[in-house]
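Trainee: Here it is, the structure, as structure tokens.
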Amino acid sequence: MEELFLIILNMSITAGYVIPAVIFIRLLLKRAPKKYSYLLWSVVLFRLICPVSFSSVCSIFQIQPFDMTAAFRGSRVSLNFIPADIGYMKTPRVTVGIPAINSLISGSLPTAAPNTSANLLQIWIFFGTILWCIGIATLLIYSIVTYIRLKHRVSTAVRLEGNVYETDKIRSPFILGFVLPRIYIPFGLGVQESEYILRHERYHLKRKDYLVKALSFCVLAIHWFNPLVWLAFVLMTQDMEMSCDEKVLSETDTDIVHDYSTSLLAFAANRRIPAASPLAFGEAGIRERVKNILRFKKPKKWVVILTAILCVTAVITCAANPLKEAITKSNDVPYGNYVFEKQIYMNPLSSFMVLDGFKEYYTLTKNLLILTDKTGIQQRYAVTYQKDLVDEQTFKNSFMININIPDVTKYKDKYQYTLTNTSGSAVYRIYLMDDEIWLAQIHKDSANTQKSEYIWSIYKITRIGDIPMKATISGTQDGVLDFLSHQQNFKSGYNNDTCYNITPNYIRQNSDYLIFKYDTSCASLLLYEDKIYPLGEWFGGYGLTSMSLFDLDGDQKPELYFTYSFGSGLHRSNAAYFDPIANKVIVFNYTHPNSDMLITPNYDGGLSLYDADIKTIDSFVNFEIEKKDYISDITYENGQISLNPIPKK
């Protein structure tokens, strides 16, 4: 029963947001036909009786100031403001969907006391459930007793026609019954007055309003503790009656406004409570009905159409839960390249300090997290990603020591990706805090009896330009004839050795370099200022494998950097560059054994050298090369271009 009470409480909180929205829209529709205002209350009834709903980006809970991150956790179809196990939590937390007051309410809840058989909050929930049941029983008993007394009062009524009965025991008309409902009217009504009063009541019967009102009262009895539900019941009943009034007026050719209003006022003067329902209208309800009748005009067609569209849109918007994918902005993991920006948190027990000049780079791929320090040393983690929503309390619970924990209440959108290694253990987390990205290191502590894992450090990281993961060599016949005319009597030693232009577009557009390669011998050559320069060796390897354009020495003439491989028995690779000032190729003093290399722009806007694999090879002039491990940056120091590779393990 306590679990049911918490479910009802969650539905009541949801309806507590929908009811003011409906009241506001109802005010906008003040001059519109009341049947549309009456329809609006259906979404309130839905929210009060159904704990689940569909999700849509068109939901009122999708807008400010709502944050349903915590309320939407653990379910894709319901909003859970109060966890079902809150009575057993050591530090109970609730959310009301508005971050500004979540902490205030949760902070007022009693925490679990050690060495006690029951938490204080459990006791609160227990007695709250009992009080809730007493309230329901009281209202239902009251309604049943009222119904029986009213049934007894009209037992002597005389049948006028069909299901219409007259009696001198009542002062105003009403409907009584559920299976075979009857219309009861007082004696003494005039013929014309009786006609439009019966038309009003019959329209109630046609719409099954007597069942709607009975169901609504039962729902009110269940949610009796919510004052907004009482207000909704009263306003819904008013709209029900006024929509019937308008139906009568719209179907009558003669002007009966004055007579109809007079009858309503007469009924109000003689009305007693209770009437046909436990909560019948008094004079205030009649007053609103009379005002509505006096200003009634048949609406224009375009008004009806716009009102209907607005009403249906409002119902869908209020009925929908926020879209979980919209809450998390995107289903995509934030793959890419990042650089350290600043330290957000460090465990007080840590001896490490982030000093000025600290530099670290991060690459997130589908299966890898790569950490690279400023010396180029890498740490690689094979990971999978698990996406979750996160709220303030869940975030706080991720720390071992409650000291200097970052305040995340200022962020509206809070999500996390847990990066899990091959053994199933969390190693890092990515936090998306609005537009900020945090990388949190997870510390394992098997000796800690309270928390076996917790956040050790958090760095704010910034996305930087994507570093090419691969390069493509692609040959065309563009400019080949002109190149061959300059080459004259070149012989590669192979028959049917066809020459191709493999110059990338960005090199062609930003320099005078043209690179050519033969498809059998792999001979690679540069045409620059009408002269030809061999680009490395080619016997037995792939020849030129990658190239990049960069003005590293700052002389306003970019160098052509490239890698190439050779050797049939012992495969090896070299990196080199063409110096346009000296007009010569300079090979770096480093040979990479048993593998190929890729040269590509790096995080700092310079060039880096990577170990690489040849992929998707159609021919020696059409293939892809994909980078693997970092080797070295290419630097310009003391007037010299050089590299300092990390020894291959």
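Under our numbering, the residues of the sequence shown are numbered 535 to 1183, in order. Cβ coordinates follow ideal geometry from the N, Cα and C atoms, glycine included. This structure is a prediction, so every number in the text was calculated from the model and none was measured.
1) Q772 by DSSP, collapsed to three states: which one?
2) Out of V873, V888 and F886, which one is the CA nearest neighbour of Y895?
3) Under a three-way DSSP split, which group does Y869 fall into?
4) Going straight from the alpha carbon of R806 to that of L828, what length do you get?
5) Excluding five sequence neighbours on each side, which residues of the same chain lie with their C-beta closer than 7 Å to the C-beta of S784?
6) Does DSSP put F886 in a helix, a strand or coil?
7) Using CA atoms only, rank isn't needed, just tell me which of D1113, F1073, M776 and G1077 is closest to G1185.
8) What three-state label does DSSP hand Y744 in the structure shown?
9) By DSSP, does I843 sit in helix, in strand, or in coil?
10) Assign I542 to one of three DSSP states: helix, strand, or coil.
11) Using the C-alpha atoms, what's the distance from V586 back to K978?
12) Please decide whether A981 counts as near chain C, where near means a Cβ-Cβ distance under 8 Å.
13) According to the neighbour-count rule (16 or more other Cβ atoms, all chains shown, within 10 Å of its Cβ), is K617 buried or exposed?
14) Mind reading off the beta-carbon distance from N697 to R683? Whole number of angstroms is fine, and I expect it under 8 Å.
15) The alpha helix (DSSP H) with V578 in it runs from where to where?
16) L1060 bridges to which residues according to DSSP?
17) Using the three-state DSSP reduction, which class does K876 fall into: helix, strand or coil?
18) CA-CA distance, Y681 and T701?
19) What would DSSP say about I904, mapped onto helix, strand or coil?
20) From D1064, S677 and I704, pick the residue whose C-alpha is nearest to that of T690; which is it?
21) Leaving out five residues before and five after S932 in sequence, what residues of the same chain have Cβ atoms less than 7 Å from its Cβ?
22) Could you give the C-beta distance for I937 and P882, rounded to a whole number, given that I count them as a contact under 8 Å?
23) How far does the alpha helix (DSSP H) with S1217 in it extend, from its first residue to its last?
24) Helix, strand or coil: how does DSSP classify L561 here?
25) To the nearest angstrom, report how far apart F588 and N855 are at their CA atoms.
26) Evaluate E695 with the Cβ neighbour count: other Cβ atoms within 10 Å of its Cβ, from every protein chain shown; 16 or more gives buried, anything less gives exposed.
27) Give me, in chain order, the residues of the same chain whose beta-carbon lies closer than 8 Å to that of D1012; leave out the 5 immediate sequence neighbours on both sides.
28) Looking at the secondary structure, which residues open and close the alpha helix (DSSP H) in which I1041 lies?
29) Is S797 buried or exposed, if buried means 16 or more other CB atoms sit within 10 Å of its CB?
30) Could you check the C-alpha separation between L710 and G724 for me, to the nearest Å?
31) For F1017 and G1088, I'd like the C-alpha separation in whole angstroms.
32) Where do the N-terminal and C-terminal ends of the beta strand (DSSP E) with T1125 fall, by residue?
33) Among G722, F886 and I998, whose alpha-carbon lies nearest the alpha-carbon of S991?
34) Go to F929, then tell me how far its alpha helix (DSSP H) extends in each direction, as first and last residue.
35) Can you tell me where the beta strand (DSSP E) with S1099 in it begins and where it stops?
36) Assuming H977 is part of the beta strand (DSSP E), what are its boundary residues?
Mentor: This is what the structure holds:
1) helix
2) V873
3) coil
4) Low per-residue confidence applies at R806: pLDDT is 48, beneath 50, and the placement is therefore not dependable, though the value from the model is reported in the following sentence. Near 25 Å, if we compare the C-alpha coordinates of L828 and R806.
5) K832
6) coil
7) Lying before the first or after the last residue shown, residue 1185 is absent from the chain, which here runs from 535 to 1183.
8) helix
9) helix
10) helix
11) 38 Å
12) Reference to chain C is not applicable here, since this structure consists of a single protein chain.
13) This sequence places Pro at residue 617; Lys is not what is there. It is buried - the Cβ of P617 has at least 16 other Cβ atoms within 10 Å.
14) Going by Cβ atoms, the distance from N697 to R683 rounds to 21 Å, so no, they are not a contact pair.
15) K568 to I583
16) I1049 and Y1067
17) strand
18) 17 Å
19) strand
20) I704
21) Y988 and I989
22) 6 Å
23) Nothing can be reported for residue 1217, as the shown portion of the chain is limited to 535 through 1183.
24) helix
25) 6 Å
26) exposed
27) N1035
28) N1039 to N1044
29) buried
30) 22 Å
31) 29 Å
32) K1118 to P1127
33) F886
34) E926 to K930
35) E1093 to F1100
36) E970 to K978
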